[in-house]
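Here is the structure we will look at.
Number of protein chains: 2
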Amino acid sequence: MHKLYIVGMGPGAAEYLTPAAHKAVADSEELIGYGLYLDLLGELTTGKRRHELPLGAEVERAQLALERAAAGITTALVSSGDAGIFAMATLVFELLDKQPRPQWREVEIEVVPGVSAMQVAAARAGAPLGHDFCAISLSNLLTPWETIETRITAAGQGDFVVAFYNPRSQRRDWQLERARDILLEYRPAETPVIIGRNLSRADEALGYTQLGALSRDDVDMLSLVIIGNRETRQFGRWAYTPRGYEKHLETP
Amino acid sequence: MHKLYIVGMGPGAAEYLTPAAHKAVADSEELIGYGLYLDLLGELTTGKRRHELPLGAEVERAQLALERAAAGITTALVSSGDAGIFAMATLVFELLDKQPRPQWREVEIEVVPGVSAMQVAAARAGAPLGHDFCAISLSNLLTPWETIETRITAAGQGDFVVAFYNPRSQRRDWQLERARDILLEYRPAETPVIIGRNLSRADEALGYTQLGALSRDDVDMLSLVIIGNRETRQFGRWAYTPRGYEKHLETP
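Structure representation (structure tokens):
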């Protein structure tokens, strides 16, 4: 058995950890991931060897996962959210494709999807992702900013609801406001914006603002930002993006 | 207690039903949803009253959910996948916003997110959603086709990976090929395409094709289609969209 699970553990709370993810972690002898997220798994990690590599060591983390599994150790590479959305899964496959090592051939991989941050933010706020949407990472560490700008512009032109991942980090602080300015060319300043932080964890916070007022001071590296499209409405504590049922509603 | 859960049950298999969704269904006295999906919940629905309204009766389904909860009956409105992604949640909030009834004020709503079809398709295929992506419904029953075309064009211009929901129905069969033709203006005919059907259910199927060869005959109303972007690669049974780690890989 040379098994590698690539696991999305969801946003953090046990209530959003799927049974498949629970089983993958429980089955594994060794876990690879950030300490912050492994800690959220609580007793499930007891007795398992934990490999906690620092931020920035993503390639090493993916290689280590493949090596441990190739050595016959059932291993889980754990990401928060969904392992396939702005997380570790794609790097494992890139290594397998571009820099395969003979011993990796034996590894059986299972990717376990999970609830991503935008889904929890949307659920807490109502249904802002209720119509066509896109997900964009604002981190330009790996992607040229020009590419990111092209995508934000396209999201504006297509009037997509937008979920921004990685809106800010310790070293990056201007990207969100540049993104805001691009979207303001296509949708009004009053467009509802939802900001989630640490959703489903002890210090969960959900806030609203409007696109025209969105500031870098509203976010940090644990934030997830959803920008409504031109149809998104907010009322009271709820926001939603209609799908077009209006013509089917009764005449009052 | 006037509680309404709006629940995403995931793609179907119990292993992807979150504990939060399990608890919401277990707590509820009455369930509202399609029979197909309620059946997949198995024994969890035993002893609970089921309201199965026909396809097309979405407004009635959302109204019924609010009415039952307002009557003091703990109720779950159940969608497959994520309740907030091309599903029922947004319609409940639209009714609350535009056609509120006095008795609905008492209803406490909790939206429970779930694993959406694109996430399972992506996990089965590797990591095709590994970089910026968008989700577009190809159903023009509620959304004018012109709006959908604008979004597909924007997805092409922004080079987003695209997840197409509702690629075909009994009455709609041409939309997928029109979408394909638009995307072919922006990405090559060899672009990897993943087609998932009934993922996580007994007759699960996952297939690959290329954008230039994608045909309406490849899909039905239970299919989910993921179109790679210009970077997406397929090798063997896997497909992935790199995030830009290439420059960090070792020189072989």
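Chains as they are written, first to last, in the working numbering: chain A, 42 to 293; chain B, 42 to 293. Heads up, the beta-carbon is just placed ideally off N, CA and C, and yes, glycines get one too.
Euclidean distance between Cα positions of residue i and residue j
| i | j | result |
| --- | --- | --- |
| S157(B) | M159(A) | 12 Å |
| D138(B) | Q140(A) | 54 Å |
| P293(A) | I126(B) | Low per-residue confidence applies at P293(A): pLDDT is 48, beneath 50, and the placement is therefore not dependable enough to give any value. |
| E245(A) | R274(A) | 23 Å |
| L77(B) | G88(B) | 17 Å |
| E147(B) | A98(B) | 24 Å |
| S69(A) | P60(A) | 14 Å |
| P154(B) | I236(A) | 17 Å |
| S121(B) | A162(A) | 19 Å |
| A128(A) | G171(B) | 7 Å |
| L58(A) | A124(A) | 12 Å |
| T184(A) | L265(A) | 19 Å |
| A166(A) | G113(A) | 44 Å |
| N270(B) | R278(A) | 36 Å |
| E218(B) | T194(B) | 14 Å |
| A196(A) | A62(B) | 31 Å |
| L107(A) | E108(B) | 53 Å |
| Q211(A) | I223(A) | 23 Å |
| L248(B) | P52(B) | The identity of residue 248(B) in the sequence shown is Gly, whereas the question assumes Leu. So the two alpha carbons sit approximately 17 Å from each other. |
| R238(B) | E84(B) | 24 Å |
| Y75(A) | M50(A) | 12 Å |
| Q198(A) | L45(B) | 36 Å |
| A26(B) | V66(A) | Missing from the structure shown is residue 26(B); chain B here goes from 42 to 293 and no further. |
| E149(B) | K288(A) | 27 Å |
| T191(B) | T115(B) | 41 Å |
| E187(A) | P233(A) | 26 Å |
| C175(B) | F174(A) | 6 Å |
| L94(A) | V203(A) | 31 Å |
| P283(A) | L290(A) | 12 Å |
Test: residue i CB closer than 9 Å to a CB of chain B
| i | result |
| --- | --- |
| A110(A) | no |
| E84(A) | no |
| L107(A) | no |
| P293(A) | Because the pLDDT at P293(A) is just 48, under 50, the model does not fix this residue reliably, and the value given afterwards should be weighed accordingly. Cβ-Cβ to chain B under 9 Å: yes for P293(A). |
| S264(A) | no |
| Q144(A) | no |
| V148(A) | no |
| L183(A) | yes |
| A163(A) | yes |
| Q198(A) | yes |
| I297(A) | Nothing can be reported for residue 297(A): it is not among the residues displayed for chain A, which extend from 42 to 293. |
| A168(A) | yes |
| S121(A) | no |
| K44(A) | no |
| T87(A) | no |
Cross-chain neighbours of residue i in chain A, by beta carbon under 7 Å
| i | result |
| --- | --- |
| G171(B) | G125, A130 and T131 |
| T282(B) | T131 |
| R246(B) | According to the sequence displayed, residue 246(B) carries Ala and not Arg. The premise fails here: A246(B) is roughly 17 Å from chain A at the closest Cβ pair, so nothing lies under 7 Å. |
Beta carbon proximity, residue i to chain A, threshold 9 Å
| i | result |
| --- | --- |
| P154(B) | yes |
| V66(B) | no |
| A220(B) | no |
| E287(B) | yes |
| Q160(B) | yes |
| T295(B) | Because chain B is modelled from 42 through 293, residue 295(B) falls outside the range shown and cannot be assessed. |
| S210(B) | no |
| G51(B) | yes |
| A195(B) | yes |
| S157(B) | yes |
Proximal chain A residues relative to residue i, where beta-carbon distance stays under 9 Å
| i | result |
| --- | --- |
| P229(B) | Neighbours of P229(B) on chain A: none; closest Cβ ~18 Å, over 9 Å. |
Closer than 8 Å at the beta carbon, the chain B residues around residue i
| i | result |
| --- | --- |
| L290(A) | V100, E135, L136, K139 and Q140 |
Integer Cβ distance of residue i from residue j, believed to fall under 8 Å
| i | j | result |
| --- | --- | --- |
| L9(A) | R91(A) | Beyond the ends of chain A as shown, which are 42 and 293, falls residue 9(A); an answer cannot be given. |
| R213(A) | S180(A) | 7 Å |
| Q104(A) | L136(A) | 6 Å |
| L252(B) | I267(B) | About 11 Å; that fails the 8 Å criterion. |
| V48(A) | A117(A) | 5 Å |
| F205(B) | I177(B) | 6 Å |
| D200(B) | Y227(B) | 7 Å |
| Y281(B) | V100(A) | The pair is not a contact, with the Cβ atoms about 14 Å apart (cut-off 8 Å). |
| A168(A) | V152(B) | 7 Å |
Contacts of residue i in chain B (Cβ-Cβ under 9 Å)
| i | result |
| --- | --- |
| L81(A) | Going along chain B, no residue has its Cβ under 9 Å from L81(A), so there is no contact; the nearest lies around 14 Å. |
| T191(A) | Q198, G199 and D200 |
Chain D within 9 Å of residue i, Cβ atoms only
| i | result |
| --- | --- |
| A55(B) | Although the question refers to chain D, the structure presented lacks it and instead comprises the protein chains A and B. |
Contacts that residue i makes with chain A (C-beta to C-beta distance below 8 Å)
| i | result |
| --- | --- |
| F205(B) | Ordered by position in chain A, no residue passes the 8 Å Cβ test against F205(B), which lies about 10 Å from the chain. |
Chain B residues whose Cβ lies nearer than 7 Å to that of residue i
| i | result |
| --- | --- |
| I177(A) | D173 |
Exercise for the section: Pull out every residue of the stretch 230-243 of chain A whose Cβ sits closer than 8 Å to any Cβ of chain B, in chain order. Expected result: none
query: What residues from the stretch 251-280 of chain A come within 7 Å of chain B, judged by C-beta to C-beta, listed N to C?
result: Listed by position along the chain: R274, F276 and W279.
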